[in-house]
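Visitor:
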Amino acid sequence: MNCEYAIEARGLSKHFGDLKAVSELDLKVPRGQIYGFLGPNGSGKSTTIRMLCGLLTPTEGSASVLGTEIPGSARKLKPKIGYMTQKFSLFGDMTVFENLQFIGEIYSFPKAERAPRIEELLAKYDLIEQRRQLAGTMSGGQKQRLALACAVLHRPELLLLDEPTSAVDPQSRRDFWANLFRLAEGGTTIMVSTHYMDEAERCHRLAILDRGVKVADGTPQELQAGTGMHTVEVTADDPYHAQAALDHGAHIASVTQLGMRLRVLLPDDVADPVGTVVQLLETHGVRADVRQTTASLEDVFVAVTMSPEERAV
Amino acid sequence: MKSLSRLLAITKKEIRQMRRDRLTFGMIVGIPVIQMLLFGYAINTDVRNLRTAIVDQANTHLSRQFVVELRETQVVNIVERVDTPAQLEELIRVGVISVGVVIPADFERRVIDPDRPAVHLLVDGSDPTISGVANQLRIMPVAFDTGRIERRGNNVEVRPYYNPERRTPVNVIPGLMGIILTLTMMLFTAVAIVRERERGNLELLINTPVSSAELMIGKVIPYIVIGMIQLALILVVGDVLFQVPMRGSIVDLYLAAGAFIAANLSFGLVISTVAKTQFQAMQMTFFVLMPSILLSGFVFPFDGMPVFARYLGEVLPVTHFIRLTRGIMLRDAALMELYPELVALGAFTLVAMTLAALRFTKRLD
């Protein structure tokens, strides 16, 4: 219980037939932090979370979750973790209050404290008006708040959230993250998977997953500093032609368009990245403003999910 | 204590959801009542009012009296009189009548001659029940109440015990009880769990401290109660509408039903561990339901079936339950006199429960 990590995974792998959903994953999630899990769909985020709460048996490797060894009996672990599934998994034909009540009963939350705890959660997660509403008839944001309220009702030490914000609007997402920070301040360890860059940036630490492999981990700042790439921003009146000029150009690792701007990545052994880009653009007669900038998390993501061939241009 | 309260939490939730699911709630009452009305009224192996035509070539006092008596049996409904047997054949062929009666011109002489049949019956053999009825008519004595004619050759007298009036509902309803409970118990249990898997609720549930056993038992309890309610409903409707007797002990019947419901619920649980969607669960239920209707002795006499079919029938819980209900309700048998059937139900439950518990894990892989 005294170990500093809530989760420590060692070579965790999960194969479904020939598909390697997760390969030899090493993780260290410090207590009381928000740990992000960034990756596109199908990168193994859900599979990892399911292994960590005992829903899936790892093909290889092991993990220690709050001192409980995985694989093994996850029974003792269940009361200590809260889990929010990717798909809304509460009972649509029961009211908000009934759902919370059921969760309280199933976790054997002390009877005397149950009613006040439910009231507290209804207030905290802005569900007072919905208390008698059937959960199935609520909006995406309301459902998500209810799911979070249910996941934290029994005051778990560790909260595992599987793409909790994929079905809600930006305002709900912001409120949701405010709630997560409150929980983390209260000492809860939170592991959250996402494919939103802005969410990943809010995490204390994060791991980037690509096709089942962890390609990078660290704090957002560490990741941004250590891409091994130069980031060059190109602002052009005609970004389409600018992109055509840069694509497949010498030393250009990747080009991503963001509105009128292009984010261009070049290997950091290129001595003059800005000059290289300017030269390429001039060759194709494209006029643009070119300047070097710091990597955003999205650049990090593009850089670390690149194949070695793309990287070595 | 914690275990019991978790189990009750599941039960409470299940009842709450059931109350809101109007269709399921309606099926609890609707299935037994509609099935009973259908089977009780529509299915009638005790055939009456067969459409019949007559050729009376004798046209004597005796032949006319024979026709009157024939009509009084109510087995036949004389719809037409024609002149030749050929016309009768034609009417049968086109389906206007099911039975043709030919009274030959020398009817009076034939009646007293034991070697020659007095009357010819032409019967539509394409329907098995009608040919069965023909046998009923064959043994009909001809006008002995006139005193002039001696009783003719038919010597075997049948005395139907337990259902002397040979009313079909009396035979059908104890069996129907088994069919209805098979359908509802198996289907409700299977669907109740598969639905949670389909909606994603199961992923949430198996991440809580609730154990597999708590989850399964908690979900099944409401359906045991429903089964008992359905049984009461069937008994009341059977008594009020069809005067089905209840000769044995009602406690015995409920005990037998308890064992039977347990067998069906455990099989429903097995289905729920195999089926991925509610639709699959339904298909599997009907896969079991068809043999339950056909091979259990509900429709066809068990002893008349080929050996292989009988072995299959013995595996089905409903076969044993039908023996129990017919025994208890109609023959006033005590439950303990029928213990082999109880043993069979118990064994089925044990095997199915083991299978379900082995297959249902609190995991997704």
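Order-wise, the sequence lines are chains D and V.
Residue numbers for the first sequence follow the numbering used here, so the first one is 2 and each next one is one higher.
Residue numbers for the second sequence follow the numbering used here, so the first one is 377 and each next one is one higher.
The beta carbon of each residue, even a glycine, is placed where N, CA and C say it ideally should be.
Within its chain, find whatever has a CB closer than 6 Å to the CB of V/E390; leave out the 5 residues flanking it on each side and keep chain order.
Guide: Taken in chain order, the residues that qualify are K595 and P598.
Visitor: With 16 other CB atoms within 10 Å as the buried threshold, where does V/P480 fall?
Guide: Classification for V/P480: buried.
Visitor: Within 10 angstroms of the Cβ of V/G523, are there 16 or more other Cβ atoms? Answer buried if so, exposed if not.
Guide: Low confidence applies here, because V/G523 scores a pLDDT of 44, under 50, leaving its location unreliable and the question unanswered by this model.
Visitor: Taking the alpha-carbon positions, what's the V/A589 to D/L53 distance?
Guide: Rounded to whole angstroms, V/A589 to D/L53 spans 23 Å at the Cα level.
Visitor: Hey, quick one: how far does the alpha helix (DSSP H) through D/P31 stretch, first residue to last?
Guide: Segment L20 to P31 is the beta strand (DSSP E) holding D/P31; no alpha helix (DSSP H) there.
Visitor: Along the chain, where does the beta strand (DSSP E) containing D/A289 start, and where does it finish?
Guide: From DSSP, the beta strand (DSSP E) with D/A289 extends over A289 to T294.
Visitor: By the criterion of Cβ-Cβ separation under 7 Å, what are the contact partners of V/R392 in chain D?
Guide: In chain order: M95 and E99.
Visitor: List, in chain order, every chain V residue whose beta-carbon is nearer than 8 Å to that of D/N122.
Guide: Asn is not the amino acid found at residue 122 of chain D; the sequence shown has Leu there. Near D/L122 there are no residues of chain V at all, since even the closest Cβ is about 16 Å away, more than 8 Å.
Visitor: How many whole angstroms separate the CB atoms of V/T560 and V/I407, which I take to be in contact at a CB cut-off of 8 Å?
Guide: Confirmed, Cβ separation roughly 6 Å.
Visitor: In three-state DSSP terms, what is V/A633?
Guide: In this structure, V/A633 counts as helix in the three-state DSSP scheme.
Visitor: Counting contacts by CB-CB distance shorter than 8 Å, is V/K378 in contact with chain D?
Guide: Interface residue, yes.
Visitor: If V/T701 sits next to V/A651, beta carbons under 8 Å apart, how far is it from one beta carbon to the other, in whole angstroms?
Guide: 29 Å between Cβ atoms; not a contact.
Visitor: Indicate the three-state DSSP secondary structure (helix, strand or coil) for V/L714 in the structure shown.
Guide: V/L714 falls in the helix class under three-state DSSP.
Visitor: Going by the beta-carbon positions, is the gap between V/G416 and V/V548 smaller than 8 Å?
Guide: Yes, the Cβ-Cβ distance between V/G416 and V/V548 is below 8 Å.
Visitor: Go ahead and pull the three-state DSSP assignment for D/A10.
Guide: Of the three classes helix, strand and coil, the one that applies to D/A10 here is strand, per DSSP.
Visitor: Per the DSSP calculation, V/P490 is bridged to which residue(s)?
Guide: Looking at the DSSP assignment, V/P490 forms no beta bridge with any residue, so it has no partner.
Visitor: Relative to the C-alpha of V/S332, which residue among D/A226, D/Q131 and D/F103 is closest?
Guide: Nothing can be reported for residue 332 of chain V, as the shown portion of chain V is limited to 377 through 741.
Visitor: Please report how far the alpha carbon of D/G201 lies from the alpha carbon of V/V727, in whole angstroms.
Guide: First, the amino acid is wrong: residue 201 of chain D is Ala here, not Gly. If I take the Cα positions, the gap works out to 51 Å.
Visitor: Determine, using beta-carbon pairs with one atom in the stretch 233 to 244 of chain D and one in the stretch 77 to 97 of chain D, whether at least three such pairs fall under 8 Å.
Guide: Taking 8 Å as the limit for Cβ pairs, the verdict is that the stretch 77 to 97 of chain D does not touch the stretch 233 to 244 of chain D.
Visitor: With a CB to CB cut of under 6 Å and the five nearest residues on each side skipped, what residues in its chain are close to V/E456?
Guide: Cβ within range, chain order: A429.
Visitor: Under 8 Å, Cβ to Cβ, is there at least one residue of chain D near V/I597?
Guide: So, not an interface residue.
Visitor: Mark V/Q575 as exposed unless 16 or more other C-beta atoms lie within 10 angstroms of its C-beta, in which case mark it buried.
Guide: The identity of residue 575 of chain V in the sequence shown is Arg, whereas the question assumes Gln. Counting Cβ neighbours within 10 Å, V/R575 comes out buried, since at least 16 surround it.
Visitor: According to DSSP, is V/F736 helix, strand or coil?
Guide: In the structure shown, V/F736 sits in coil (DSSP, three-state: anything other than H, G, I, E or B).
Visitor: Please tell me whether D/T190 and D/L159 are closer than 8 Å, where the distance is taken between their beta carbons.
Guide: Cβ atoms of D/T190 and D/L159: closer than 8 Å.
Visitor: Between which two residues does the beta strand (DSSP E) carrying D/V235 extend?
Guide: That run of the beta strand (DSSP E) goes M230 to A237.
Visitor: For the stretch 224 to 231 of chain D against the stretch 265 to 272 of chain D, do three or more pairs of beta-carbon atoms, one drawn from each stretch, fall closer than 8 Å, so that the two count as touching?
Guide: Yes, the stretch 224 to 231 of chain D touches the stretch 265 to 272 of chain D.
Visitor: Please list the residues of the stretch 103 to 128 of chain D that have a C-beta atom closer than 7 Å to any C-beta atom in chain V, keeping them in chain order.
Guide: Under the 7 Å Cβ criterion, the stretch 103 to 128 of chain D contributes F103, E106, I107, Y108 and S109.
Visitor: Which residues bound the beta strand (DSSP E) around D/K79?
Guide: Neither: D/K79 is in no beta strand (DSSP E) and is coded neither H nor E.
Visitor: Does DSSP classify V/Q619 as helix, strand or coil?
Guide: Of the three classes helix, strand and coil, the one that applies to V/Q619 here is coil, per DSSP.
Visitor: Counting Cβ pairs closer than 8 Å, one from the stretch 603 to 614 of chain V and one from the stretch 671 to 691 of chain V, do we hit at least three?
Guide: Cβ pair count under 8 Å is below three, so no.
Visitor: Considering only their Cβ atoms, is the gap separating D/R174 from D/Y36 smaller than 8 Å?
Guide: In this structure, D/R174 does not lie closer than 8 Å to D/Y36 by Cβ.
Visitor: Find the residues of chain V that neighbour D/K79, judging by a C-beta separation of less than 7 Å, and give them in chain order.
Guide: Ordered by position in chain V, the residues that pass the 7 Å Cβ test against D/K79 are N583, T584 and P585.
Visitor: Roughly how many angstroms lie between the CA atoms of D/S44 and D/A22, to the nearest whole one?
Guide: D/S44 and D/A22: Cα-Cα distance of roughly 7 Å.
Visitor: In whole angstroms, what is the alpha-carbon distance linking V/N531 and V/V567?
Guide: Summary for V/N531: the model assigns pLDDT 41, below 50, so the residue's position carries little reliability; its value from the coordinates is reported in the next sentence. If you take the alpha carbons of V/N531 and V/V567, they lie about 56 Å apart.
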